[in-house]
Amino acid sequence: MRTRTVLTLVGSVAALTLPFIAPASAADTVLTTGSLGGSAVAVGDVLTAPLATGTTATLYSSATGTSGIKCTSSTFTATVTDNPTAPGTATESVSGQTFDSSSCTSNVLGVTGVTSITVDNLPYTTAAVSDGTLTVTPASGSTIQTTVKLTTLLGSITCVYQAPSLSGTSANSDTSINFTSQAFTKTSGSSLCFSAGYFTAKYAPVTDGGAAVYTN
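Under the working numbering, the first residue of the sequence shown carries the number 7, and numbering increases by one thereafter.
1. For Leu115, count neighbouring Cβ atoms within 10 angstroms of its own Cβ and tell me buried if that reaches 16, exposed if not.
2. In chain order, what residues of the same chain have a beta carbon less than 7 Å from the beta carbon of Ser196, not counting five sequence neighbours either side?
3. Quick check: the Cα distance between Tyr66 and Ser148, rounded to an integer number of angstroms?
4. Where DSSP assigns a beta bridge to Asn113, which residues make up the other side?
5. Which of helix, strand or coil does DSSP assign to Ser173?
6. What are the uninterrupted segments assigned as beta strand (DSSP E) that are 3 or more residues long and contained completely in the region 138-211, given in chain order?
7. Look at the Cβ atom of Tyr167, then the Cβ atom of Phe190, and state whether they are nearer than 7 Å.
8. Taking a contact to mean a Cβ-Cβ separation below 7 Å, would you say Thr141 touches Ala133 in this structure?
9. Mind checking Thr35: buried by the 16 CB within 10 Å criterion, or exposed?
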């Protein structure tokens, strides 16, 4: 009787402790959904995000100024191409970044409206590191490029801005990605196009099929 009681006790303790040792839903990849250490984001999954509520995407003529263009509606789309064990670096292929021109305005002297903002030379590659840093790079031999079409007092103009790469951060508190004053150089356009552009935007929440995405 004593032996049977001890064995029963050992079995009960094991049954209670095993779920805590190896939860079936936990993942150890850089990108997870639901929570930190949640379900692994699969390679091939498509991530999307709009601008964070109450924020704007801006392309200003200086890093500290407020002259330029701002939009209240923008989204990005990226496909996960690698999601290794954390800590590490996950990679994504950015296939789309759109700006709703009807939500965009400009306070540049002589500019009366924003016709379109187009992100060129896609796809780009995004490297998302476990420490929360992000780097966006173009394909080899290419460049990150944005084409802005504006209406002015003198007619329509086209401004082209380029950057070798972009640096940003991710935040798990609101599952966001953030870009602050990322520098672009004007490569073509009239004198009404500002000579440099500084891009700032916060996209949130980043989701995978509706589930929030976290960086581990």
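Virtual Cβ for every residue (Gly too), placed ideally from N, Cα, C.
Let's see:
1. Taking every protein chain shown into account, the CB of Leu115 has fewer than 16 other CB atoms within 10 angstroms, so this residue is exposed.
2. Hits under 7 Å: Ile163.
3. Answer to the nearest angstrom: the Cα atoms are 24 Å apart.
4. Here Asn113 is not bridged, per DSSP, to any residue.
5. Here Ser173 sits in strand by DSSP.
6. Qualifying beta strand (DSSP E) stretches, in chain order: 139-143, 150-158, 161-169, 172-177, 182-194 and 202-209.
7. Yes, these two residues count as a Cβ contact at 7 Å.
8. Using a Cβ distance threshold of 7 Å, Thr141 and Ala133 count as a contacting pair.
9. Its Cβ being crowded by 16 or more others within 10 Å, Thr35 is buried.
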